[in-house]
Amino acid sequence: MKSDIEIAQNAKMEPIVKIAEKLGVLEDEIEQYGKYKCKISLDIMKKNENKKDGKLILVTAINPTPAGEGKSTVTVGLGDAFNKIGKKAVIALREPSLGPVFGMKGGATGGGNAQVVPMEDINLHFTGDMHAITSANNLLSAAIDNHIHQGNLLRIDSRRVLFKRVIDMNDRALRNIVVGLGGKINGFLREDGFNITVASEIMAILCMAKDLSDLKERMGNILVAYNLDGEPVYAKDLQVQGAMALLMKDAIKPNLVQTLENTPAIIHGGPFANIAHGCNSIVATKMALKLGDFAITEAGFGADLGAEKFLNIKCRYGDLAPECVVLVATVRALKHHGGVKKDELNIPSVSALEKGIKNLEKQIENIKEFNIPVVVAINKFITDSEEEIKFIENFCSNLGIKVSNTEVWEKGGLGGIDLANKILETIEESDSKFVPIYDINDSIKDKILKISKIIYGADNVNYAPQALKQISEIEKFNMDKLPICMAKTQYSLSDNPMLLGRPHGFDINVKEINVSNGAGFIVVQTGNIMTMPGLPKVPAANKMDIDINGKITGLF
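First residue of the sequence shown: 44, per my numbering; consecutive thereafter.
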């Protein structure tokens, strides 16, 4: 079997102009970045404002494991499958970050025969959105330090600067730094640090903004620091939101590419799901809804993180309501949740499945809490035994849930036709009436408690003294009536990555709470969540190369 990159390099891509034409988008309504990728003008939304939206399908998964779940692969293959059965589908995905690409994960454009292309471009610099976000973020950081250096009229407390610099790379050495070294000419000495670009509030704002004007306003509302009187200082106080928006003038436009089977795919925005809200941009999703009869999108990591935030945060701001949720699982990953070691996952074990399937059960319950129908997609591997597959099918059947044996990695769209048909059946049979699980006007603690009890299955929530102080401060300045963005491990329903399956008898421990005031949510930190990841002992970058003819190898 060819590697993912070999399959992608042999793809027969159509010119991006033709892909746009399939959506009713004219050549003068796109900005081409070479032959196979482009940006779509936001004017398309106004042009189609009276057109009825298509149906929204969200793809999520069980808690991720080292065995992998293939959520993006299923998303891509499902889009191809819909088009094979005559349904006009548009895929809406997140953009990969260079940090994970060169770190542990490798590329992030699907896999096998269910990929988006050109995969090398998408995984690397693409259309420059990550660089624009990095530049806008670091302009604000530079403005903060410059203001302090030039007299500090805002009386910024240099000990309470909240906004960090970013870089789109995993580099643990930059987590905690000191700036202003070298004497008076280099500014005031203070502690600082870097986040990875996808953890920047600018990324979150890009994914929440309705248009360039909204983006500029949101960037002005970023809480950057507190002054010496303990009062908030915003980006607009530094008068740089206009320049930041200027840097983002192209980044706000969604990117259009295609799958191996030439299905249109809009890729735009990519905040991490464990430290941010984990969904692509509202603009991209709403554009997909206008341009297709079905918009198929994904949320990062498991349903307890990406899907919860998609439904409680993104759907509120975007006025979105999914018709159906696809929950992806693999036999291997469920066995991992049942306690099987990674090197033994290929050995059939229904007894391990019996333990691990409790994770799937809980994630099904989580989706039902939002009153949305769910379909389970088993992302099939060649090592899966018939007995194991049958066990999962029977388990889901007993819960009244449709389940599909999905083979998109091997067969592309053909391998997802059964899943597509079961989604259509589920939509036809169900009356989806989406409702968030908490009221926006609930107290911060009540919102956190509802997420922790309903979605994670926790008994209670414990707060560090610092977090309690931060809650009081947020309430004092009337920034508490916002959705909650939980930052926790992706590997467990709890905040402890070692608690697999469906843990019971645990509490959620909140370390600190911060406001992403521009993005419009409150970030709740639990456990040890790294906003600047490090590289593994053997990074994926070590296996990548390019030859004298420009051919790339090892990207995925």
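Ideal Cβ placement from N, Cα and C applies to all residues, glycine included.
Pick from Asn-585, Lys-95, Thr-177, Leu-536: whose alpha carbon is nearest that of Lys-401? Leu-536
Closer than 7 Å, CB to CB, is Glu-341 near chain C or not? Here there is only one protein chain, and chain C is not present.
Whose C-beta lies closer than 6 Å to the C-beta of Ile-466 among residues of the same chain, with five residues either side of it excluded? Cys-367, Val-418
Asp-188 - DSSP class collapsed to helix/strand/coil: helix
Would you list the one or two residues that DSSP bridges to Val-371? Looking at the DSSP assignment, Val-371 forms a beta bridge with Ala-104, Ala-420.
My parser needs the alpha helix (DSSP H) runs of 4 or more residues fully inside the region 126–183; what are they? 141–145, 162–166
Which value, in whole angstroms, describes the spacing of the CA atoms of Thr-328 and Ile-487? 28 Å
Going by the beta-carbon positions, is the gap between Lys-493 and Ile-480 smaller than 7 Å? yes
Any idea if Met-541 is buried or exposed, counting beta-carbon neighbours within 10 angstroms, 16 or more meaning buried? exposed
Pairing CB atoms from the region 246–263 with CB atoms from the region 213–225, are three or more of them under 8 Å? no
DSSP three-state call for Met-573: helix, strand or coil? coil
The alpha helix (DSSP H) with Met-330 in it runs from where to where? For Met-330, the enclosing alpha helix (DSSP H) stretches over residues 325–334.
Answer with buried or exposed for Gln-284, where buried requires no fewer than 16 other C-beta atoms within 10 angstroms of its C-beta. buried
Identity of the residue in Asn-592, Gly-361, Glu-351, Leu-348 nearest Ser-324 by Cα: Gly-361
Examine the Cβ distances between the region 158–177 and the region 192–207 and report whether three or more of them are shorter than 8 Å. no
Sequence-distant residues of the same chain with beta carbon closer than 7 Å to Asp-211, five excluded per side: Ser-140, Leu-141, Gly-142, Met-173, Thr-177, Ile-239, Thr-240
I'd like to know whether the C-beta atoms of Met-529 and Phe-237 end up nearer to each other than 7 Å. Going by C-beta atoms, Met-529 is not nearer than 7 Å to Phe-237.
Buried versus exposed call for His-547 [16 or more other C-beta atoms within 10 Å across all chains shown]: exposed
What number of angstroms, rounded off, separates the C-alpha of Gly-97 from the C-alpha of Asp-336? Those two C-alpha atoms are separated by around 4 Å.
Short check: CB of Gly-343 to CB of Gly-312, under 7 Å? Gly-343 places its beta carbon 7 Å or farther from that of Gly-312.
Under the rule that 16 or more other beta-carbon atoms within 10 Å means buried, what is Phe-231, buried or exposed? exposed
DSSP on Met-215, reduced to helix/strand/coil? According to the sequence displayed, residue 215 carries Arg and not Met. It is helical.
Closer than 8 Å by C-beta to His-398: which residues in its own chain qualify, once you throw out the five before and the five after it? Chain order, please. Residue 398 is actually Lys in this sequence, not His. His-380, Gly-381, Gly-382, Gly-544.
Whole-angstrom C-beta distance between Val-371 and Ala-420, which should lie under 8 Å: 5 Å
What is the DSSP secondary structure of Gln-284, counted as helix, strand or coil? helix
Complete beta strand (DSSP E) runs within the region 516–568 (minimum length 3 residues, chain order): 527–530, 550–559
Considering only C-alpha positions, which residue in the set Glu-387, Glu-429, Val-369 is nearest to Gly-345? Val-369
Would you kindly report the start and end of the unbroken alpha helix (DSSP H) that includes Cys-439? 429–441
Starting from Ser-256, trace the alpha helix (DSSP H) both ways and give me its first and last residue. 255–263
Where does Lys-82 land, buried or exposed, given buried means 16+ other C-beta within 10 angstroms? The residue in question, Lys-82, is buried, as its Cβ has 16 or more Cβ neighbours within 10 Å.
To the nearest angstrom, report how far apart Asn-571 and Thr-532 are at their CA atoms. 8 Å
From the DSSP output, in three-state form, read off Leu-266 for me. strand
Rounded C-alpha distance that separates Glu-614 from Thr-373: Residue 614 lies beyond the stretch modelled for the chain, which goes from 44 to 599, so this question has no answer here.
What residues match up with Asp-588 in a beta bridge as DSSP calls it? Thr-596
According to DSSP, what are the bridge partners of Ser-447? Partner residues in the beta bridge of Ser-447, as assigned by DSSP, are Ala-420.
What's the C-alpha gap between Gly-111 and Gly-154? 12 Å
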